[in-house]
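Novice: Read in UniProt numbering, the sequence shown has 759 at position 759, and its numbers run on one by one without any break. Beta carbons are placed, not taken as given, at the ideal position from N, Cα and C, and that holds for glycine.
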Amino acid sequence: MAEHRNGNVKNTNGKASAATNTYTINLENFSKRLKMFYSHWSEYNDDLWGASDALAIATPPTSEDLRYLKSSALNIWLVGYEFPETIMVFTKKQIHFLCSQKKASLLDAVKKSAKEAVGVEVVMHVKPKNDDGVGLMDNIFEAVNAQSNSNGHAPVVGHIAREAPEGKLLETWAEKLKNANFELSDVTNGFSSLFAVKDNTELTNVKKAAFLASSVMRSFVVPKLEKIIDEEKKVSHSSLMDDTEKTILEPARIKVKLKAENNLQAETKNPKTQKFSVLLADTVIVGEEVPEIVTVSSSKAVKDVAYSFNEDDEEEDERPKVKSETRSRGTTLSKATLRSDNQEMSKEELRRQHQAELARQKNEETARRLAGGGSISTDNRGAGKTIGDVIAYKNVNDLPPPRGLMIQIDQKNEAILLPIYGTMVPFHVATVKSVSSQQDSNRNCYIRIIFNVPGTPFSPHDSTTQKFQGSIYLKEVSFRSKDPRHISEAVQLIKTLRRQVASRESERAERATLVTQEKLQVAGAKFKPIRLSDLWIRPAFGGRGRKLTGSLEGHTNGFRYSTSRPDERVDVMYRNIKHAFFQPSEKEMITVLHFHLHNHIMVGNKKTKDVQFYIEVMDVVQTLGGGKRSAYDPDEIEEEQRERDRKNKINMDFQNFVNRVNDLWGQPQFKALDLEFDQPLRELGFHGVPHKASAFIVPTSSCLVELIETPFVVITLNEIEIVNLERVGLGQKNFDMTIVFKDFKKDVFRIDSIPSTSLDGIKEWLDTTDLKYYESRLNLNWRPILKTITDDPEKFIEDGGWEFLNMEVSDSDSGTEESDQGYEPSDVQSDSGSEDDDANSESLVESEDDEDEDSEEDSEEEGKTWEELEREATYADREKGDDSDSEEERTRRKMKAFGKARAPDKRNPGGHLPKRTKLR
């Protein structure tokens, strides 16, 4: 029996009813839509209807599943009901129905209307109850052949190819249709185009349905969900769905009356949504002039539809178990297949095909960029930084009066006075490279001062040394004293003074390179600033006073962070923000707002591109006292609940702030900035060592970030050229990730010691973000590789571009290539990379001095002689220009690069990998 989907239909004029049926067909609608159907078929037959001579539509049996079938849609569109297990065949002169007696008696009413509307005859083929209908099907095929205009060719019959036959009748029909002398054509697109244009009746129904759906969502679903969340109840999706369906079927429950006088016209005064805002939850009527959003009454603003809350600690503890179980299942079922009608293909195979296509695109893109001169310039990684003229005293008379022949420190003039041959000789503290002291067995104390000398490695090239290049410089001086207290005091004063001068010079140099920012426009009386209070800032302001929290305010064109101290203020302009992140506290102790900037700014006396504001959601340090408290202690339970409430409140306050800022950034004047707070995707995160400590690194939609440990990691995905996964395989428990940037002047970024269990997840993430990745068994030394590419880009392209990293292609040549390349422990590369990063953000003099202090103190402890120091200088000179050093000299250089770390085992130059040194 036909399924009635239009509710109660009253008999009105223009409707016919069969004598034995309660169903009625709206003959006026039938006539109008049949005309539209035949007109559309005739006009677009070649484009949409496959040049068909006849259209065969078979409706499957009823099903409890909600299905969207073109055959059912045609039934309802034409006659108002769905006729299951019914076959309709349309020709230019006839319409054939193959169905049961009851359905035929109902459809008899359309015969006259069809004849009057388009001049076609309706022919009924009534199938007896136990008949398979084969004879009736043959009669329909004969009629199609008789009426076709194929001129000797097989008639073209259009059908809906995507709908598989269901039930015995339709399976028999599909088999006979396939074996008949017909040419079949898919007409799905024709019906899609036909149904897309709505008449007035359909538009009224769409508006009523949209109004009802919006009302149910606003008046029933949202309050119901809020109540469930507030009362912490557990309600299944199915029960909520059933309640919602009941409310839709009984609109009176929410006081909705679908009358003609209801205001169903969708209007919006919001400039954001007037032109283009369309969500998946919207129903839009596309008119001739402007589109009409009929679900506008249900708000879709983030603040109205987003909820932020954390689950109990117990559920959080269960999450890692589920994740680990999923991963363990993923390792055993690594060949999980995707089902399709024709074949089965593994995820790995799909990923491999996608990566091959990405490799081709990446090589073409790199070739275009290199051919245009992009990323080709001189390598300035080792360029020395300069400091200003160092002048201790302009005149001899300015020297302080001597206090005997002993070392003096003049802090006012930043000078050290040393007794040399009975005369006090001044040296500016900036010329001191390092200072150290030691005591021998005879209670004699020695102080050793090493100066910056032109021509030695890691010495700064200031303007003074450039002016007097032919002069003779004092490299080192040592003094002996019987007063250990004076020696210790002198060493401490010199180091403190050096640090102060280095910090001042560094800040001066950094401020000179800053890009001028626009002025902050403070919000006036009309616009109340968006405010978030009690925040800490990183990097922190300098000074020795007690650190204070401050407030972050969103003004007209930027943020301002300020504390109660007048000199502690930071302005972050919206135009200077490259990426904005919001990371709520889940397993961390802090909730974070992080801004990664286009250009550096000064925070206190620090130059930075990353500014972070955070709140500690709970005390990092807890008082330990008394005995072990019971898990069922009421005070303990209450304290844990307070901590959860505090964390939820802080996360909610941050979320509200972020929502308001996102709404502000959505205004037309900020559209060009394309700003929106991004949130890290914890489920895609992995552990690794980006600098010197292990951290949890998390992807976002546009970046790869680590926002908890310092220094922060923010890598923009569209700036990445390729990713090389190193030390993969060989039974390793972890591997390394090397990120090569499109700007070849930039050092690669390394993330070391990633657990091998994260390998598949990282590959999947890289593949879904269209990033080309390679795998290698060894760590590569990337500086000479990038230099080779930039020196001869044409040769790089001719040799296949990045495909030299493809293990599958180059396995046969890997033995010779890897032996030539040599093994470079990843920590050396990582350390050098982090040093360069630090050099960009920290003071040059401070970082170099600290590094040189450590190295000199180490050398002092080892008791190096003048001959050893001269030999090291010779090795350093060779390292700059001589490529034909012996194996022993290369090993020494590697030992020097490692510092205190062990050198690679010479007994194992190839084959098995030596144990990696850890510099943490």
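Please check the pair residue 107 and residue 125, which I expect to be a contact at CB under 8 Å, by giving their CB distance rounded to whole angstroms.
Specialist: Numbered from its first residue, the sequence shown carries residue 107 at position 107. Numbered from its first residue, the sequence shown carries residue 125 at position 125. 11 Å between Cβ atoms; not a contact.
Novice: Rounded to a whole number of angstroms, what is the C-alpha to C-alpha distance between residue 598 and residue 566?
Specialist: On the sequence shown, residue 598 is found 598 positions in, with the first residue counted as 1. On the sequence shown, residue 566 is found 566 positions in, with the first residue counted as 1. Near 26 Å, if we compare the C-alpha coordinates of residue 566 and residue 598.
Novice: Are the beta-carbon atoms belonging to residue 476 and residue 449 less than 8 Å from one another?
Specialist: Along the sequence shown, one-based indexing puts residue 476 at 476. Along the sequence shown, one-based indexing puts residue 449 at 449. Yes, these two residues count as a Cβ contact at 8 Å.
Novice: Going straight from the alpha carbon of residue 154 to that of residue 145, what length do you get?
Specialist: Start at 1 with the first residue of the sequence shown, and residue 154 comes out as number 154. Start at 1 with the first residue of the sequence shown, and residue 145 comes out as number 145. Approximately 8 Å between the Cα atoms of the pair.
Novice: Quick check on the DSSP output: the beta strand (DSSP E) that includes residue 531 runs from which residue to which?
Specialist: Along the sequence shown, read from residue 1 onward, the residue named residue 531 stands at position 531. From DSSP, the beta strand (DSSP E) with residue 531 extends over 530-538.
Novice: Distance check for residue 642 and residue 784, CA to CA, integer angstroms please.
Specialist: Along the sequence shown, read from residue 1 onward, the residue named residue 784 stands at position 784. Along the sequence shown, read from residue 1 onward, the residue named residue 642 stands at position 642. Computed Cα separation, rounded: 56 Å.
Novice: Count Cβ pairs between the region 433-448 and the region 480-496 that sit closer than 8 Å; are there 3 or more?
Specialist: A contact exists between the region 433-448 and the region 480-496.
Novice: Taking 8 Å as the limit between beta carbons, can you name the residues of its chain near residue 557, skipping five residues before and five after?
Specialist: What you label residue 557 is simply residue 557 of the sequence shown in a count that begins at 1. Here the set comprises 518, 520, 521, 573, 574 and 575.
Novice: Answer yes or no: do residue 603 and residue 541 have a C-beta to C-beta separation smaller than 8 Å?
Specialist: The residue you call residue 603 lines up with position 603 of the sequence shown. The residue you call residue 541 lines up with position 541 of the sequence shown. Contact: yes.
Novice: Between the Cα of residue 98 and the Cα atoms of 170, 43 and 78, which residue gives the shortest distance?
Specialist: The residue labelled residue 98 in the question sits at position 98 within the sequence shown. Comparing Cα-Cα distances from residue 98 to each of 170, 43 and 78, the minimum goes to 170.
Novice: Within this structure, are the beta carbons of residue 721 and residue 692 separated by less than 8 Å?
Specialist: As a first step, residue 721 is located in the sequence shown; it is residue number 721 there, counting from the start. As a first step, residue 692 is located in the sequence shown; it is residue number 692 there, counting from the start. No, these two residues do not count as a Cβ contact at 8 Å.
Novice: Are the CB atoms of residue 120 and residue 94 nearer to each other than 8 Å?
Specialist: Residue mapping note: residue 120 aligns to position 120 of the sequence shown, counting from 1. Residue mapping note: residue 94 aligns to position 94 of the sequence shown, counting from 1. Yes, the Cβ-Cβ distance between residue 120 and residue 94 is below 8 Å.
Novice: Where does residue 66 fall in DSSP's three states?
Specialist: In the sequence shown, the residue the question calls residue 66 occupies position 66. Of the three classes helix, strand and coil, the one that applies to residue 66 here is coil, per DSSP.
Novice: Only counting the same chain, and skipping five residues up and downstream in sequence, which positions put a Cβ closer than 7 Å to that of residue 282?
Specialist: Translated into the one-based positions of the sequence shown, residue 282 becomes position 282. Here the set comprises 293 and 295.
Novice: In chain order, which beta strand (DSSP E) runs of at least 3 residues are fully inside the region 694-722?
Specialist: List check, beta strand (DSSP E) in window: 695-699, 703-706 and 713-716.
Novice: What first and last residue would you give for the alpha helix (DSSP H) that runs through residue 249?
Specialist: Counting from 1 along the sequence shown, the entry for residue 249 is found at position 249. Unbroken alpha helix (DSSP H) run through residue 249: 237-249.
Novice: I'd like the list of long-range same chain contacts for residue 166, defined as Cβ closer than 7 Å, with 5 residues on each side in sequence excluded.
Specialist: Position 166 of the sequence shown, counted from the start, is the residue given in the question as residue 166. Closer than 7 Å at the Cβ level, and outside the excluded window around residue 166, lie 60 and 61.
Novice: Tell whether a beta-carbon distance below 8 Å holds between residue 30 and residue 79.
Specialist: For the purposes of this step, residue 30 is identified with residue 30 of the sequence shown, where counting begins at 1. For the purposes of this step, residue 79 is identified with residue 79 of the sequence shown, where counting begins at 1. Contact flag set, yes.
Novice: Using 10 angstroms around the beta-carbon of residue 833, count the other beta-carbons present and answer buried if the total reaches 16, otherwise exposed.
Specialist: By 1-based counting over the sequence shown, the position of residue 833 is 833. Residue placement at residue 833 is flagged as unreliable, the pLDDT there being 41, under the threshold of 50; the coordinate-derived value follows with that caveat. Residue 833 should be labelled buried.
Novice: Is the beta carbon of residue 590 sitting closer than 8 Å to the one on residue 617?
Specialist: Translated into positions along the sequence shown, residue 590 becomes position 590. Translated into positions along the sequence shown, residue 617 becomes position 617. Yes, they are a contact pair.
Novice: If we count Cβ pairs, one from each stretch, closer than 8 Å, do we get three or more for the region 402-416 versus the region 427-434?
Specialist: Yes, they touch.
Novice: In three-state terms, what does DSSP make of residue 616?
Specialist: As a first step, residue 616 is located in the sequence shown; it is residue number 616 there, counting from the start. It is a strand residue.
Novice: State the beta-bridge partners of residue 124 as determined by DSSP.
Specialist: Sequence index remark: in the sequence shown, residue 124 carries index 124 (1-based). Its beta-bridge partners are 97.
Novice: Tell me the residue span of the alpha helix (DSSP H) that contains residue 983.
Specialist: With the chain represented from 1 up to 920, any question about residue 983 goes unanswered, as that position is not in the structure.
Novice: Span of the alpha helix (DSSP H) holding residue 555?
Specialist: Here residue 555 corresponds to residue number 555 of the sequence shown, with the count starting at 1. Unbroken run through residue 555: none, as it is neither H nor E.
Novice: Can you confirm whether the region 643-654 touches the region 716-730 when touching is taken to mean that 3 or more C-beta pairs between the two stretches lie within less than 8 Å?
Specialist: Because the criterion of three Cβ pairs below 8 Å is not met, the region 716-730 and the region 643-654 do not touch.
Novice: Report all residues from its chain with a CB closer than 8 Å to the CB of residue 187; omit the five preceding and five following residues, and keep chain order.
Specialist: As a working note, residue 187 is residue 187 in the sequence shown. Hits under 8 Å: 48, 49, 50, 52, 55, 158, 159 and 160.
Novice: In angstroms, rounded to a whole number, what distance separates the CA positions of residue 515 and residue 754?
Specialist: Start at 1 with the first residue of the sequence shown, and residue 515 comes out as number 515. Start at 1 with the first residue of the sequence shown, and residue 754 comes out as number 754. In a straight line, the C-alpha of residue 515 is about 37 Å away from that of residue 754.
Novice: For residue 961, count neighbouring Cβ atoms within 10 angstroms of its own Cβ and tell me buried if that reaches 16, exposed if not.
Specialist: Because the chain here runs from 1 to 920, residue 961 falls outside it and cannot be looked at.
Novice: Can you name the start and end residues of the alpha helix (DSSP H) that residue 157 belongs to?
Specialist: Against the sequence shown, residue 157 aligns to sequence position 157. Not the alpha helix (DSSP H): residue 157 falls in the beta strand (DSSP E), residues 156-159.
Novice: With a threshold of 16 other CB atoms inside 10 Å of the CB of residue 213, please say whether the residue is buried or exposed.
Specialist: On the sequence shown, position 213 is the one that residue 213 refers to. Answer is buried; the Cβ neighbour count reaches 16.
Novice: Going by C-alpha to C-alpha distance, which of 564, 536, 588 and 596 sits closest to residue 579?
Specialist: The sequence position of residue 579 within the sequence shown is 579, counting from 1. Measuring from the Cα of residue 579, the nearest candidate turns out to be 596.
Novice: Shortest alpha-carbon distance to residue 63 belongs to which of 75, 57 and 85?
Specialist: The residue given as residue 63 occupies position 63 in the sequence shown. With distances taken between Cα atoms, residue 63 lies closest to 85.
Novice: Residue 583 bridges to which residues according to DSSP?
Specialist: Sequence index remark: in the sequence shown, residue 583 carries index 583 (1-based). Paired residues: 592.
Novice: Taking the straight line between their C-alpha atoms, what separation do you get for residue 737 and residue 706?
Specialist: The count along the sequence shown starts at 1 and reaches residue 737 at position 737. The count along the sequence shown starts at 1 and reaches residue 706 at position 706. When rounded, the distance between both Cα atoms is 15 Å.
Novice: Comparing C-alpha positions only, which one of 231, 723, 114 and 503 sits nearest to residue 32?
Specialist: Locating residue 32 in the sequence shown gives position 32, counting from the first residue. For residue 32, the nearest C-alpha among the options comes from 114.
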